[in-house]
Structure formats: C-alpha cells, structure tokens
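Under the working numbering, the letters of the sequence shown match residues 181 to 439, in that order.
Ideal Cβ positions, reconstructed from N, Cα and C, are used throughout, including at glycine.
Bear in mind the structure is a predicted one, so any value in this text is a computation, not a measurement.
Heads up: the structure comes next, in structure tokens.
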Amino acid sequence: MLQPIPFRGPESPLRETVAARIAASTVGPHRYLTLPHLIRLFQEAAIQNTDRLRVSSTDLLASHGLTWVMHRQVIEAERWPTLGEPVNVVTLPTHIERRLITYRDFYLLDQDHTPIIRSTSSWSVMSLDARRIRPIPDEVVERLGELPDPATHLPRPEGKLVAPEHPTGEMKFRVAFSHLDFNNHLTNPAFPELMLEPLGAEFLSAHLPRRADIAYHREARYGDRLTAQTETASGAHSHALYRDGSEVLATMETHWTPL
C-alpha cells in the first residue's frame with residue numbers, strides 16, 4: 181500500500197502540473213472518481229504536457245504521420261477523490277528505451293499536495309496510415325532533453341498479464357462512435373471501462389480499486405463486436421477484452437478495497 185507523503189519531486193523542466201476539480205460527470209454512484217475517468221484526467225494532463233514540449237500527437241502527425249499509443253498502465257491508489265474535490269495532476273516523461281518505448285509517470289495530488297494516486301505508463305509512436313509501431317523521431321528525443329534521474333521514476337510495469345482461465349462474468353458490447361478517439365480507435369479509458377462491467381453494479385458500487393494494471397494489445401475500431409470477461413482468484417480480479425470472442429485486445433488485473 182502506498183504511504184501518503186509530502187510531494188517533492190521529481191523536479192524537471194519536463195514536468196507539468198494541471199489543476200482540476202472532480203466533476204459530477206466523472207464519479208459513480210458512490211460519489212468517488214472512477215478508474216476510467218482517472219485515466220481520462222491523466223491523459224488530458226499528458227496532452228497539455230506534450231503540447232508544451234512540442235511532441236504531441238498533433239505535432240508528430242503533421243511532421244511524420246505518427247501518433248502516440250499506450251501499451252501499459254499501472255495505477256496504485258492510496259485513496260480516491262470525491263465529487264467536487266480539488267486536485268492537481270503532475271505528469272512528466274521519464275525514460276526512452278531503444279527509441280521504441282517511452283515511459284510517463286503521473287501523480288494525483290490532493291489539496292495538501294500529497295500524492296493519493298500514482299501511475300506509470302509506457303507508450304510508442306504508431307504510423308496512423310500503416311497502423312504500425314515506428315521508432316521515436318530524433319526531434320522528440322532532442323526536445324525532451326535531459327530526462328529525470330532514474331531514482332525518481334515510479335516502478336516500471338513488470339510481468340505478463342493473463343486472461344481469465346475460468347471466467348466468472350461476461351458482457352458483450354459493440355464499439356460505438358462515442359468510444360472513438362482522434363486516432364479513430366477505441367479510446368484508452370474505454371478498455372478498462374468495458375472490462376470492469378462484468379463485475380456488476382453491486383460490486384462496483386461497494387468497492388474502490390487500490391491497484392489496476394492494464395495492458396493494451398490491439399486496436400478496436402468502430403462497429404467491432406467485443407466481449408469482456410472477468411475472473412476472481414486469490415483476491416485479485418483478472419480481466420480481458422476480446423474481439424469476435426477470441427482475439428485478445430487488452431488484459432487487466434485489479435485489486436479492490438471495500439467502501
């Protein structure tokens with residue numbers, strides 16, 4: 181479990197701080213911020229950061245026909261903010277690996293500037309036309325300059341997430357236009373949003389996630405028929421999202437705390 185400590189770092193010119201207030205449209209019946217809306221909040225801060233650093237998807241699309249795509253995100257929560265609570269999101273890029281993957285950390289701070297949720301994520305750039313991963317362009321590496329001290333990074337995602345072997349819940353969906361982002365595929369927050377649904381309203385209304393580890397494997401496009409499955413084992417929930425019942429699009433592991 182994370183220990184709430186005064187937030188001191190990492191200090192870096194790459195760091196962005198974005199103020200927000202937990203809106204009514206982002207909470208569930210329990211009046212706490214939900215996991216999918218947390219991811220949306222983080223992504224908005226990341227967009228502001230990449231815009232300022234001139235390495236955004238808009239910049240890369242104009243110069244190289246590329247856009248950012250996320251591979252993995254781990255979220256650890258000490259507590260969840262409630263409706264109307266003021267918060268700050270701190271985000272920054274932390275590392276570039278083999279010119280193919282870059283890491284980005286997020287911190288959600290309460291009004292006392294204490295981190296209540298932490299998250300690390302990994303990203304690559306994809307050709308929007310070919311839908312294939314490409315090397316990170318030289319100018320992106322140059323614009324990010326000197327990345328933060330590795331000692332300040334959040335722990336990187338590790339291990340492989342497995343799909344449920346013996347599902348205890350299942351729901352089916354079809355990708356709607358409202359699920360799409362500016363890359364014309366299922367937006368990142370919608371993956372966990374759909375994968376959580378088989379847990380049911382009773383469980384989701386009475387529990388909050390303390391850890392979520394999400395792996396994005398393949399895109400989903402408009403009209404795709406999706407199936408979400410979940411399984412509970414040894415206190416953890418495993419989740420998967422499939423296309424046409426067999427092709428794995430995403431996997432996730434969650435751990436929960438009762439309200």
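Asked	Found
With 16 as the cutoff for other CB atoms within 10 Å, does H293 come out buried or exposed?	exposed
Which whole-angstrom value is the C-beta distance of L379 and G349, which I expect to be below 8 Å?	6 Å
Check whether the Cβ atoms of H333 and D285 lie closer than 8 Å to each other.	yes
Could you tell me how far apart the beta carbons of V269 and V342 are, in whole angstroms, since I believe they sit closer than 8 Å?	The pair is not a contact, with the Cβ atoms about 31 Å apart (cut-off 8 Å).
Who does T262 pair with in a DSSP beta bridge?	Y212
Using 8 Å as the Cβ pair cut-off and three pairs as the minimum, do the stretch 400-419 and the stretch 353-362 touch?	yes
How would you call A310, buried or exposed, if buried means at least 16 neighbouring beta carbons within 10 angstroms?	exposed
Distance, Cα to Cα, T300 vs I281?	13 Å
Out of A430, I227, E196, point me to the one whose CA is closest to A395's CA.	A430
Are there three or more Cβ pairs, one per stretch, closer than 8 Å when the stretch 316-333 is compared with the stretch 252-265?	no
Could you tell me which whole beta strand (DSSP E) segments of length 3 or greater appear in the stretch 307-336?	none
Taking the alpha carbon of Q291 as the point to measure from, which residue in R195, Y283, P261 has its own alpha carbon closest?	P261
Would you mind stating whether L194 and L308 have Cβ atoms separated by less than 8 Å?	no
Could you say if the stretch 199-214 and the stretch 374-393 meet the contact criterion of at least three C-beta pairs nearer than 8 Å?	yes
Would you mind sorting L421 into buried or exposed? The rule is 16 or more other CB atoms within 10 Å of its CB.	buried
Within 10 angstroms of its Cβ, does T434 collect 16 or more other Cβ (buried), or is it exposed?	buried
Which residue comes first and which comes last in the beta strand (DSSP E) that contains H417?	416-423
Could you spell out where the alpha helix (DSSP H) holding R288 opens and where it closes?	The sequence given here has Leu at residue 288, not Arg. It is not in any alpha helix (DSSP H) - L288 instead sits in the beta strand (DSSP E) that spans 281-289.
Quick check on M181: buried or exposed, where buried means 16 or more other Cβ atoms within 10 Å of its Cβ?	Confidence is the limiting factor: at M181 the pLDDT is only 47, short of 50, which leaves the residue's position unreliable and the question unanswerable from this model.
Can you tell me where the beta strand (DSSP E) with E373 in it begins and where it stops?	Taken as a continuous stretch (DSSP letters only), E373 belongs to no beta strand (DSSP E), being part of the alpha helix (DSSP H) at 370-376.
For the alpha helix (DSSP H) holding F136, just list the boundary residues, first then last.	Lying before the first or after the last residue shown, residue 136 is absent from the chain, which here runs from 181 to 439.
With a cut-off of 8 Å on the beta carbons, I'd call P337 and S304 a contact; round off their distance for me.	In fact, because the Cβ distance is near 14 Å, the residues do not count as touching under 8 Å.
So, for V320: in the same chain, excluding its five sequence neighbours on each side, which residues have a beta-carbon less than 6 Å away from its beta-carbon?	V235
Look up F353 in the DSSP assignment and give the residues it is bridged to.	L406
Straight-line CA distance for N364 to T412?	33 Å
Which word fits S237, buried or exposed, when buried means at least 16 other C-beta atoms lie within 10 angstroms of its C-beta?	buried
Give me the DSSP bridge partner(s) of P295.	L289
DSSP state of E196, grouped into three classes?	strand
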